[in-house]
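Enquirer:
Protein chains: 2
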Amino acid sequence: MRISKLVGERLKDAPANATSRSHIYLSRAGYIKQVANGIYTFLPPAEKVSKKIQDIIREEMDAIDGQEVLFPVVMPRELWDLSGRYQSIGAELVRFKDRSQHDLVLGMTHEEAAVHAALGTVKSYEQLPFMIYQIQTKFRDEARARAGLIRVREFLMKDAYSFHTTQEDLENYYKKVYDSYIRIFSRIGLKKVISVHSDSGMMGGKVADEFQLLTDIGEDTIIICPNCDTASNIDVACSVIDDNDHIFGVKQEVFTGEAKTIDEVCSNLNKNPKQVVKAVCYAIIGNDKNVVIAFLRGDKEVNEAKLKSLVGSDIAIKDLEDSGLIKGNIGCVNLNLENALIYYDKSLEGLESFVTGANKEGYHFIGVSMTRDVKPDKYVDISKVSEGEKCPVCGANLLVKNGIEIGNIFQLGTRYTSKMGLTIHMPDGSQANPVMGCYGIGIGRCLASIAEENCDEKGLVWPMSVAPWHIYLCAIRNDDQNVKEQAERLYDKLTAENFEVLYDDRITSAGVKLTDSELMGIPVRIVISPKTIENGELEITIRKTGEKIFVKEENLSKKLDEIIVY
Amino acid sequence: MRISKLVGERLKDAPANATSRSHIYLSRAGYIKQVANGIYTFLPPAEKVSKKIQDIIREEMDAIDGQEVLFPVVMPRELWDLSGRYQSIGAELVRFKDRSQHDLVLGMTHEEAAVHAALGTVKSYEQLPFMIYQIQTKFRDEARARAGLIRVREFLMKDAYSFHTTQEDLENYYKKVYDSYIRIFSRIGLKKVISVHSDSGMMGGKVADEFQLLTDIGEDTIIICPNCDTASNIDVACSVIDDNDHIFGVKQEVFTGEAKTIDEVCSNLNKNPKQVVKAVCYAIIGNDKNVVIAFLRGDKEVNEAKLKSLVGSDIAIKDLEDSGLIKGNIGCVNLNLENALIYYDKSLEGLESFVTGANKEGYHFIGVSMTRDVKPDKYVDISKVSEGEKCPVCGANLLVKNGIEIGNIFQLGTRYTSKMGLTIHMPDGSQANPVMGCYGIGIGRCLASIAEENCDEKGLVWPMSVAPWHIYLCAIRNDDQNVKEQAERLYDKLTAENFEVLYDDRITSAGVKLTDSELMGIPVRIVISPKTIENGELEITIRKTGEKIFVKEENLSKKLDEIIVY
Chain A
21 MRISKLVGER
31 LKDAPANATS
41 RSHIYLSRAG
51 YIKQVANGIY
61 TFLPPAEKVS
71 KKIQDIIREE
81 MDAIDGQEVL
91 FPVVMPRELW
101 DLSGRYQSIG
111 AELVRFKDRS
121 QHDLVLGMTH
131 EEAAVHAALG
141 TVKSYEQLPF
151 MIYQIQTKFR
161 DEARARAGLI
171 RVREFLMKDA
181 YSFHTTQEDL
191 ENYYKKVYDS
201 YIRIFSRIGL
211 KKVISVHSDS
221 GMMGGKVADE
231 FQLLTDIGED
241 TIIICPNCDT
251 ASNIDVACSV
261 IDDNDHIFGV
271 KQEVFTGEAK
281 TIDEVCSNLN
291 KNPKQVVKAV
301 CYAIIGNDKN
311 VVIAFLRGDK
321 EVNEAKLKSL
331 VGSDIAIKDL
341 EDSGLIKGNI
351 GCVNLNLENA
361 LIYYDKSLEG
371 LESFVTGANK
381 EGYHFIGVSM
391 TRDVKPDKYV
401 DISKVSEGEK
411 CPVCGANLLV
421 KNGIEIGNIF
431 QLGTRYTSKM
441 GLTIHMPDGS
451 QANPVMGCYG
461 IGIGRCLASI
471 AEENCDEKGL
481 VWPMSVAPWH
491 IYLCAIRNDD
501 QNVKEQAERL
511 YDKLTAENFE
521 VLYDDRITSA
531 GVKLTDSELM
541 GIPVRIVISP
551 KTIENGELEI
561 TIRKTGEKIF
571 VKEENLSKKL
581 DEIIVY
Chain B
21 MRISKLVGER
31 LKDAPANATS
41 RSHIYLSRAG
51 YIKQVANGIY
61 TFLPPAEKVS
71 KKIQDIIREE
81 MDAIDGQEVL
91 FPVVMPRELW
101 DLSGRYQSIG
111 AELVRFKDRS
121 QHDLVLGMTH
131 EEAAVHAALG
141 TVKSYEQLPF
151 MIYQIQTKFR
161 DEARARAGLI
171 RVREFLMKDA
181 YSFHTTQEDL
191 ENYYKKVYDS
201 YIRIFSRIGL
211 KKVISVHSDS
221 GMMGGKVADE
231 FQLLTDIGED
241 TIIICPNCDT
251 ASNIDVACSV
261 IDDNDHIFGV
271 KQEVFTGEAK
281 TIDEVCSNLN
291 KNPKQVVKAV
301 CYAIIGNDKN
311 VVIAFLRGDK
321 EVNEAKLKSL
331 VGSDIAIKDL
341 EDSGLIKGNI
351 GCVNLNLENA
361 LIYYDKSLEG
371 LESFVTGANK
381 EGYHFIGVSM
391 TRDVKPDKYV
401 DISKVSEGEK
411 CPVCGANLLV
421 KNGIEIGNIF
431 QLGTRYTSKM
441 GLTIHMPDGS
451 QANPVMGCYG
461 IGIGRCLASI
471 AEENCDEKGL
481 VWPMSVAPWH
491 IYLCAIRNDD
501 QNVKEQAERL
511 YDKLTAENFE
521 VLYDDRITSA
531 GVKLTDSELM
541 GIPVRIVISP
551 KTIENGELEI
561 TIRKTGEKIF
571 VKEENLSKKL
581 DEIIVY
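Chains A and B are the protein sequences, given in the same order. Each residue of the first sequence is one higher than the one before, starting from 21 at the first, in this note's numbering. Each residue of the second sequence is one higher than the one before, starting from 21 at the first, in this note's numbering.
1) State whether the region 342 to 351 of chain A contacts the region 319 to 332 of chain A, with contact taken as three or more CB pairs (one from each stretch) at a distance under 8 Å.
2) Taking Cβ-Cβ distances shorter than 9 Å, what residues in chain A pair up with lysine 53(B)?
3) Identify which residue in Leu371(A), Val197(A), Arg164(A) has its Cα closest to the Cα of aspartate 265(A).
4) Less than 8 Å between C-beta atoms, sequence neighbours within five positions excluded: which residues of the same chain meet that for glutamate 409(B)?
5) In whole angstroms, give me the CA-to-CA distance for aspartate 199(A) and glutamate 80(A).
6) Beta-carbon within less than 6 Å of arginine 563(A)'s beta-carbon, same chain only, minus the 5 sequence neighbours each way: which residues are those?
7) Should alanine 314(B) be flagged as near chain A, meaning a C-beta pair shorter than 9 Å?
8) Using a Cβ distance threshold of 8 Å, determine whether the region 47 to 58 of chain A contacts the region 81 to 101 of chain B, with at least three qualifying pairs required.
9) Residues of chain B with a CB under 8 Å from the CB of isoleucine 155(A): which are they?
10) Along the alpha helix (DSSP H) that carries leucine 534(B), what are the first and last residues, could you check?
11) Can you pull out the residues from the region 113 to 125 of chain B whose beta carbon lies closer than 7 Å to at least one beta carbon of chain A?
12) Mind checking whether alanine 111(A) and methionine 151(A) have CB atoms under 9 Å apart?
13) So what does arginine 465(B) bridge to, in DSSP terms?
14) Under a CB-based cut-off of 9 Å, is serine 70(B) close to chain A?
15) Can you check DSSP and say which residues form a bridge with proline 96(B)?
16) Strictly by DSSP, which residues pair up with aspartate 179(A)?
17) Pop quiz: lysine 439(B) and glycine 104(B) are said to be a contact at Cβ under 8 Å. What is the actual Cβ separation, rounded to whole angstroms?
18) Per DSSP, isoleucine 589(A) forms a beta bridge with which residues?
19) Exposed or buried, proline 447(A), counting other C-beta atoms within 10 Å across all chains shown (16 or more means buried)?
20) For proline 64(B), which residues in chain A fall below 8 Å Cβ to Cβ?
21) Check each candidate in Tyr364(A), Lys404(A), Leu345(A) and name the one with the smallest Cα separation from arginine 383(A).
22) Out of Leu442(A), Asn498(A), Asp499(A), Ile426(A), which one is the CA nearest neighbour of glycine 464(A)?
23) Find the residues of chain B that neighbour valine 521(A), judging by a C-beta separation of less than 7 Å, and give them in chain order.
24) Could you tell me the alpha carbon to alpha carbon distance between isoleucine 214(B) and glycine 566(A), rounded to whole angstroms?
25) How would you list, in chain order, the residues of chain B whose beta-carbon sits under 8 Å from the beta-carbon of glycine 50(A)?
26) Determine the closest residue to serine 367(A) out of Val311(A), Thr185(A), Lys298(A), with distance taken between C-alpha atoms.
27) Compare the Cα-Cα distances from lysine 380(B) to each of Leu355(B), Gly387(B), Asp401(B) and report the closest residue.
28) Within 9 Å (strictly less), CB to CB, does glutamine 187(B) reach chain A?
29) Figure out for me which residue from Asp524(A), Phe268(A), Arg115(A) has the closest Cα to the Cα of leucine 124(B).
30) Are the beta-carbon atoms of isoleucine 242(B) and lysine 504(B) separated by less than 9 Å?
31) If I follow the unbroken alpha helix (DSSP H) through histidine 136(B), where does it start and stop?
32) Does any residue of chain A bring its CB to less than 9 Å from the CB of isoleucine 59(B)?
33) Closer than 9 Å, CB to CB, is arginine 173(B) near chain A or not?
34) Quick one: is histidine 122(B) buried, meaning 16 or more other Cβ sit within 10 Å of its Cβ, or exposed?
35) Cβ of phenylalanine 91(B) within 9 Å of Cβ of alanine 133(B)?
36) Quick one, which of Ser70(A), Glu341(A), Ala530(A), Asn288(A) has its alpha-carbon nearest threonine 157(A)'s?
This is the structure we're talking about:
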């Protein structure tokens, strides 16, 4: 490819909204162009990287007996009614009507389509297990698109669906996919990916793992044990909290006036947030009768994923003043409220002398005891893990990290097959719903994550396996006839030898060319200049290390074969 | 691939709505499954064919310096406002709102996105010419999806966009694309493709060619000269009509009562439709002031594409009785109508004694002369060519054929670049809008067209170049241990040698296996059975010819290498 004709100019400035390195460099180096909020065009260099990522993913999916298919982007509402997700998913699912006023949706995931493909064609246990996958465009109307390709609305995704006769068979296959994912991320150059336990979210199902790239710009919060390597998304992470002192106090009501927030109450009563019990109130979506009150220690935050899963419905934070509650004075004693689902977080266990609202304007109780005064039936885990809490497996201090979720795998069970009526003959003559797994990898997010992890102050540094081109052939002073001749000859020769070459044939300064080669992140640069011609050796520079290698033209191909390995 | 695990069952019956051979066989052989009207899932065998078609297209696009990109499926309204197509395209363009009430569209073609990609990055004539292409899902809300993959709403398409400094440069590149398309269709096995001149339709621009596969199930009408090979879509086809006798008659008004249609008038007056002039009336969309009346010979039909292009606006057929016209008695003499655009078709030239409405209830004129009584300023070409009319190039009798449009190429001019403000520095220092071309091929329609053309009464007959697998390894009586052993060994061996093998490992009857192999259309079948083992030779059958070849196992790979060429 001659850079003079390459579509996608190197730019001096990144878009104003670009803050992450991948967003800045992918924009500046001519890889991507924003078309709308969270919607991008992949210019030729990015499409080349994307294709290489896709090829690696295909190889690994095929290696675990995946069969590639293509599901539609646009699906009829009826399919999503069957699974119940037409109703249960919010605004991120795009719904629209066609010219005949039929309801359609834009696919954001394809469990329904996968079961539909099997309906009527998969009838017997003998046809199982199988896995089908696709690489297809998806649209999810994210409220907050951000960080370039990290969180977008339209994205290319590899999604795979496996079908099994038993949970055990699913679990065996799930391990294969897990290993396959580890290989994929390693091959595309994402070395810092870890797997973490996660919430199955809108997919349903019980077991789920995410593959997270640990990076400061990640928007997912990951809880990691540095001792035993247990890692979980904060949505499902557990910890042991053992810093309550179990010492009883004397309960009494005190006037706290305008003190409402934890900080104000602590300041007013000279207490620490760990000595206060706070209440967070929620409405239940689609249920006007009941409300939810979560009590937890003053220093803790509600983990809404966990709470939602306990309630079994979607919830939304809400003042419950029309239920007679007094904001800032809600407490877990003297609470008279019908139709409330009340949950006590495990952080409260062992708190026997704490502050809580008196459910009375301007008053709190002090010296309250969980065992003596509140007597909850049980404690539940509805709080977010904080740094320094103990690992539930080994007891070490937990760490909090940021991560980008670049892949996820789910054990779905029979949720979709039962709702959509996919049944098979079992060996014993009975009928059963196949057990499903589903497995996703975001292609664009992988691309951005690779960029994020492989860059320096000069620009991108692509790993060899996914680089858009391996070689940047840089003709410096190509107004010099000798330079031009050698450059053209080498470009033709290397291309004929199937090397992937981006040839800087522009008549412009050495500075621009060298800077562009670094910004674009091409792994190997070959410089041809009056000086290299005089010296009789070409200059090779390795982008990653800066190492320089000098080589005679007749030895070039051999040297490149040694360098370009992956 | 073991057929026992292949997703996509061979079915006895095609869907009730399937009438074309490709629709029937692709459904029955487990290639595609309908998800909604005009929306299909590609099951694994179809996805394999599709991928091979895509690979061939990519090779050919890269060979003419195409740069692959990926434009978004979902685009913001603003982009389509710039080109004016948000307004000008009808219900086939899907419009919807996102969660922030922004208007979005589903891409049905990507001229706007291509210009957007170039904006801000392409600035100088030195960067031109270039061509960018993508293979991406598109959605077009067709009113009448039909014939399986032939006319769908969601489809995968290769669309390409070239940018040039001059019309001449565009024309040179257009020829290259033309040749590239001929190579593509030949390589994927579509031998009966012809190129025809076409209307540029919603794309705009002046020169356009379609690539049409001539087949009875095609819904496009193509006019072909069997002598000089000129071929055109009926929308733009021209002909010479020379059967009017130029003999003058005597004009007189006659009572024709209830006779209104051409047939009734002819019967009433004992005339031939070629002796009658009929009127067809249209409203102009978006223009309430003017109406259109097209006069043409009674045996001819209006070519609305031509008429629309003359009027310069969209038109819709309409009774104009509120304009004072009398349905069935409209005629081209004594017509007093303000604000009417009146067109006379060339079929009227030389008619000097014809029948036409008297613009008076129950009356017609006979013996009317064009030159004496009507005196039109000019004749225009607004009628559809009929079989037997003369080729305007060589005078031979024209033929009317049906075709499936599988590709199209357009010279767009500066329509999009000027509207969207893409300007470049020209060599002389001036600024100019680049001249564009665009070039499409429907992947799924190609696939269906190949199936349509390559099948027999037993099923599909894939060309080697796009067959999902080259070899159907058919183990007959594989409950026999010897058969099973040899089949498994051969499957492993051939697969290791990179042959593409679909292995029928099912425990089922020979009849089912042989029938399935034929239905699925795999080019080469190898049968292993107790009989072939006894004979010491494997049985190879060529799907296309039925030819049988017997070969010893040790010579198999060599023989297959000879057979599998493309």
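Note that beta-carbon positions come from the ideal geometry of N, C-alpha and C, so glycine has one too.
Expert: Put simply:
1) With the cut-off at 8 Å, the region 342 to 351 of chain A and the region 319 to 332 of chain A do not touch.
2) Residue mapping note: residue 53(B) aligns to position 33 of the second sequence, counting from 1. Residues of chain A with a Cβ closer than 9 Å to the Cβ of lysine 53(B) are, in chain order, His136, Ala137, Leu139, Gly140, Thr141.
3) Counting from one through the first sequence, the residue named residue 265(A) turns up at place 245. It is Leu371(A) whose Cα lies nearest to the Cα of aspartate 265(A).
4) Working through the second sequence from its first residue, we reach residue 409(B) at position 389. Counting only Cβ-Cβ distances below 8 Å, and skipping sequence neighbours, we find Ser259, Val260, Ile261, Asn417, Leu418.
5) Here residue 199(A) is taken as the residue at index 179 of the first sequence, counted from 1. Here residue 80(A) is taken as the residue at index 60 of the first sequence, counted from 1. A straight line joining the alpha-carbon of aspartate 199(A) with that of glutamate 80(A) spans about 10 Å.
6) For this step, residue 563(A) is matched to residue 543 along the first sequence. So the list reads Val481, Pro543, once near-sequence residues are dropped.
7) In the second sequence, the residue the question calls residue 314(B) occupies position 294. No, alanine 314(B) lies away from the interface with chain A (no Cβ there is under 9 Å from its Cβ).
8) Cβ pair count under 8 Å is three or more, so yes.
9) Here residue 155(A) corresponds to residue number 135 of the first sequence, with the count starting at 1. Ordered by position in chain B, no residue passes the 8 Å Cβ test against isoleucine 155(A), which lies about 10 Å from the chain.
10) In the second sequence, counting from the first residue as 1, residue 534(B) sits at position 514. 530 to 540 is the extent of the alpha helix (DSSP H) around leucine 534(B).
11) Under the 7 Å Cβ criterion, the region 113 to 125 of chain B contributes Val114, Phe116, Asp118, Arg119.
12) Within the first sequence, the letter at position 91 stands for residue 111(A). Within the first sequence, the letter at position 131 stands for residue 151(A). Not a contact, by the Cβ cut-off of 9 Å.
13) As a working mapping, residue 465(B) is identified with position 445 in the second sequence. Arginine 465(B) is not bridged by DSSP to any residue.
14) Position 50 of the second sequence, counted from the start, is the residue given in the question as residue 70(B). Residue-level contact by beta carbon holds for serine 70(B) and chain A, with a gap shorter than 9 Å.
15) Residue numbering aside, residue 96(B) sits at position 76 when the second sequence is read from its first letter. Answer by DSSP bridge pairing, in chain order: Leu124(B).
16) Residue 179(A) sits at position 159 when you count from the first residue of the first sequence. According to DSSP, which records beta bridges pairwise, aspartate 179(A) is partnered with Gln154(A), Gly460(A).
17) Start at 1 with the first residue of the second sequence, and residue 439(B) comes out as number 419. Start at 1 with the first residue of the second sequence, and residue 104(B) comes out as number 84. About 6 Å; that satisfies the 8 Å criterion.
18) An answer regarding residue 589(A) cannot be provided, because it is not within the stretch 21 to 586 covered by chain A.
19) Residue 447(A) sits at position 427 when you count from the first residue of the first sequence. Counting every other CB atom within 10 Å of its CB across the protein chains shown gives proline 447(A) a total below 16, marking it as exposed.
20) For the purposes of this step, residue 64(B) is taken as the residue at position 44 of the second sequence. Residues of chain A with a Cβ closer than 8 Å to the Cβ of proline 64(B) are, in chain order, Gln87, Glu88, Val89, Ile152.
21) The residue labelled residue 383(A) in the question sits at position 363 within the first sequence. According to the sequence provided, residue 383(A) is tyrosine. The question's arginine does not apply to it. Nearest of Tyr364(A), Lys404(A), Leu345(A) to tyrosine 383(A), Cα basis: Leu345(A).
22) By 1-based counting over the first sequence, the position of residue 464(A) is 444. For glycine 464(A), the nearest C-alpha among the options comes from Ile426(A).
23) By 1-based counting over the first sequence, the position of residue 521(A) is 501. Under the 7 Å cutoff, chain B gives no residues; its nearest Cβ is about 14 Å from valine 521(A).
24) Working through the second sequence from its first residue, we reach residue 214(B) at position 194. Working through the first sequence from its first residue, we reach residue 566(A) at position 546. If you take the alpha carbons of isoleucine 214(B) and glycine 566(A), they lie about 55 Å apart.
25) The residue given as residue 50(A) occupies position 30 in the first sequence. Near glycine 50(A) (Cβ distances below 8 Å), the residues of chain B are Thr141.
26) Mapped onto the first sequence, residue 367(A) falls at position 347. Among Val311(A), Thr185(A), Lys298(A), the Cα nearest to that of serine 367(A) is on Lys298(A).
27) As a working mapping, residue 380(B) is identified with position 360 in the second sequence. If we check each option's Cα against that of lysine 380(B), Leu355(B) comes out closest.
28) Along the second sequence, one-based indexing puts residue 187(B) at 167. At least 9 Å separates the CB of glutamine 187(B) from every CB of chain A.
29) Start at 1 with the first residue of the second sequence, and residue 124(B) comes out as number 104. Its Cα nearest to that of leucine 124(B), the residue Arg115(A) stands out among Asp524(A), Phe268(A), Arg115(A).
30) Your numbering for residue 242(B) matches position 222 in the second sequence. Your numbering for residue 504(B) matches position 484 in the second sequence. Result no, Cβ atoms of isoleucine 242(B) and lysine 504(B) do not sit closer than 9 Å.
31) The residue you call residue 136(B) lines up with position 116 of the second sequence. First-last of the alpha helix (DSSP H) with histidine 136(B): 131 to 138.
32) Stepping through the second sequence from its first residue, residue 59(B) is reached at position 39. Isoleucine 59(B) has a beta carbon lying within less than 9 Å of a beta carbon in chain A.
33) For this step, residue 173(B) is matched to residue 153 along the second sequence. Closer than 9 Å: yes.
34) Your numbering for residue 122(B) matches position 102 in the second sequence. Classification for histidine 122(B): exposed.
35) Against the second sequence, residue 91(B) aligns to sequence position 71. Against the second sequence, residue 133(B) aligns to sequence position 113. Between phenylalanine 91(B) and alanine 133(B), the CB-CB gap stays under 9 Å.
36) As a position in the first sequence, residue 157(A) is number 137, starting the count at 1. Ranking Ser70(A), Glu341(A), Ala530(A), Asn288(A) by Cα distance to threonine 157(A) puts Ser70(A) first.
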